[in-house]
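> There's a structure below that I have some questions on.
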Amino acid sequence: MTIYAKSFIALDGNQRLTGAVTAQLHPYDRYTCHLCGSALVFHPEWGTNLPWFEHTWEDLTENGRHHCPYVRPEPKEARRIRMLRRYVPEVLPLVCRAEWNCCGCGSDYHGERYCQNCRTGDHSTERCAE
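Taking the numbering used here, I'd label the letters of the sequence shown as residues 1383 to 1512.
Encoded structure:
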């Protein structure tokens, strides 16, 4: 069983961006990843009141398998998480957001390393703060 990074936002059945807490209050029958378009499983987590969305291998799109940052985190990020869990086993990782430039299409964007135009993060480099 493969475990992917938790997502806290998704597209609902009407293709509107929604947060996990909103989905808990106003559920839809299906959710998809706002980045790769893969179907997501919603975990309402009523006991902890910390809902989230999850990718599953069976429902991944081809683009999701190869490029989605929730499915394929940066190796550096995965190493940091493993190291942190040795010291604080119960900690949840934070998603690092940055300014990016895509060399594939020339667009600048903010957030996770995933260009919406190219549908990949492979051509993106982090922009330096000026």
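Note that CB positions come from ideal geometry on N, CA and C, so glycine has one too. Remember, it's a predicted structure, so these values are computed and weren't measured experimentally.
Comparing C-alpha positions only, which one of Thr1507, Gly1503, Cys1510 and Arg1509 sits nearest to Leu1417?
Comparing Cα-Cα distances from Leu1417 to each of Thr1507, Gly1503, Cys1510 and Arg1509, the minimum goes to Gly1503.
> Would you mind stating whether Ser1420 and Thr1443 have Cβ atoms separated by less than 8 Å?
Contact flag set, yes.
> Beta carbon of Val1423, beta carbon of Phe1435: below 8 Å?
Yes, the pair counts as a contact, with Cβ atoms nearer than the cut-off.
> Tell me which residues share the same chain as Gln1406 and place their Cβ nearer than 7 Å to its Cβ, disregarding the 5 neighbours each side in the sequence.
Cβ neighbours of Gln1406 beyond the five flanking positions: Pro1426 and Pro1433.
> Using the C-alpha atoms, what's the distance from Arg1468 back to Gly1401?
In a straight line, the C-alpha of Gly1401 is about 30 Å away from that of Arg1468.
> On the three-state DSSP scale, how would you describe Tyr1413?
Here Tyr1413 sits in strand by DSSP.
> Could you tell me how far apart the beta carbons of Arg1495 and Glu1456 are, in whole angstroms, since I believe they sit closer than 8 Å?
Indeed, because the Cβ distance is near 7 Å, the residues count as touching under 8 Å.
> Cα-Cα, which of His1448, Trp1428 and Asp1394 is closest to Cys1415?
Checking every option, the nearest Cα to that of Cys1415 belongs to Asp1394.
> Whole beta strand (DSSP E) runs in the region 1416-1444 with 3 or more residues, listed along the chain?
Runs of the beta strand (DSSP E) inside the region 1416-1444: 1421-1425 and 1434-1437.
> Please name the residue or residues paired with Ala1480 in a DSSP beta bridge.
Paired residues: Gly1493.
> For Trp1482, count neighbouring Cβ atoms within 10 angstroms of its own Cβ and tell me buried if that reaches 16, exposed if not.
The residue in question, Trp1482, is buried, as its Cβ has 16 or more Cβ neighbours within 10 Å.
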